[in-house]
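Residue 0 is where the sequence shown starts when you use numbering that gives the first Met the number 0, and the numbers rise one by one after that. Positions of the beta carbon are idealized from the N, C-alpha and C atoms, including for glycine. These notes are about the structure you will find just below.
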Amino acid sequence: MAMNALSPDQREELLKTLEARFEKNRDRHEGIVWEDVKSRLEDNPAKLWSLYEMERTEGEPDVVGRDQKTGEIVFYDCSPESPKGRRSVCFDRKALESRKKHKPENNVMDMAAAMGIELLTEEQYRELQKLGNFDLKTSSWVSTPADIRKLGGALFCDRRYDTVFVYHNGADSYYGARGFRGSLRV
């Protein structure tokens with residue numbers, strides 16, 4: 000079996016999990032039918048593998064819409080809190096390498112790239128929050144403008160007091176309650 004390929008059992012198990020979540024949360028994707036999603040996934044094994052990685056790291060990926068221009072189905076991590084398998088990581092490789100002591104095991108940007116997903120932008124994070132209440136106890140790194148990153152910072156978001164907040168931190172910081180959420184287009 001090739002690297003980044005799922006076994007038939009993994010594939011079937013993942014499709015069952017995704018379908019159950021899709022049916023349970025129909026309000027996240029009105030007007031989209033499961034058979035269309037499933038067909039697209041079956042035609043894109045690399046995207047299915049990325050969803051497997053999102054699921055494996057406890058992101059609970061689900062369909063959140065369709066790109067009106069391209070027709071692509073859009074998935075976001077929809078776990079109630081920042082995915083457990085992606086916490087305690089600094090923002091990027093530069094931040095990781097700048098740490099002198101107590102380096103985390105990994106960084107957000109390398110993990111997302113390895114999984115084949117994109118880090119949510121602030122705008123996408125706010126869209127996600129319209130679908131439910133996420134990150135009530137945790138926070139999630141989000142895509143950071145180059146000018147902020149150049150100065151050593153990075154952005155993260157959470158939801159407190161029924162409001163979505165955007166904050167900044169040094170890109171080399173990491174916390175047990177901060178991870179990241181991703182998106183995938185199929």
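My assumption, with CB atoms under 8 Å, is that residue i sits in contact with residue j. Please give the rounded CB distance.
| i | j | result |
| --- | --- | --- |
| Glu-190 | Ser-78 | Look at the range of the chain in this structure, 0 to 185, and you will see that residue 190 is not part of it. |
| Asp-134 | Glu-80 | 6 Å |
| Ala-111 | Phe-179 | 7 Å |
| Glu-57 | Lys-23 | 17 Å between Cβ atoms; not a contact. |
Grab me the residues of residue i's own chain with a C-beta within less than 7 Å of its C-beta, minus the 5 sequence neighbours each way, in chain order.
| i | result |
| --- | --- |
| Lys-102 | Leu-95 |
| Asp-76 | Met-53, Gly-58, Glu-59, Pro-60, Pro-82, Arg-180, Gly-181 |
Going by C-alpha distance, which of the options is nearest residue i?
| i | options | result |
| --- | --- | --- |
| Leu-14 | Leu-47, Gly-175, Leu-154 | Leu-47 |
| Leu-183 | Leu-154, Arg-10, Tyr-51, Gln-128 | Tyr-51 |
| Val-185 | Arg-10, Phe-90, Ala-45, Glu-12 | Ala-45 |
| Gly-131 | His-28, Ser-142, Asp-8, Leu-5 | His-28 |
| Phe-74 | Trp-140, Glu-126, Gly-175 | Glu-126 |
| Gly-70 | Lys-93, Val-36, Ser-138, Asp-61 | Val-36 |
| Glu-173 | Leu-150, Arg-158, Thr-137 | Here residue 173 is Tyr; the residue named in the question, Glu, does not match the sequence. If we check each option's Cα against that of Tyr-173, Thr-137 comes out closest. |
Less than 8 Å between C-beta atoms, sequence neighbours within five positions excluded: which residues of the same chain meet that for residue i?
| i | result |
| --- | --- |
| Asp-91 | Asn-106, Val-107, Met-108, Asp-109, Arg-148, Ala-153, Ala-170 |
| Met-114 | Ser-49, Glu-52, Met-53, Thr-56, Gly-181 |
In this structure, how does DSSP classify residue i when only helix, strand and coil are distinguished?
| i | result |
| --- | --- |
| Gly-131 | coil |
| Leu-150 | coil |
| Tyr-124 | helix |
| Val-107 | helix |
| Ser-97 | helix |
| Thr-16 | helix |
| Leu-5 | coil |
| Arg-65 | strand |
| Met-0 | Unreliable positioning characterises Met-0 in this predicted model, as indicated by a pLDDT of 41, which lies under 50. The coordinate reading is nonetheless provided below. Residue state, collapsed to three classes: coil. |
Give a yes or no on contact between the region 144-159 and the region 99-106, applying the rule of three or more CB pairs nearer than 8 Å. no
Is the region 61-74 touching the region 146-165, taking contact as three or more C-beta pairs under 8 Å? no
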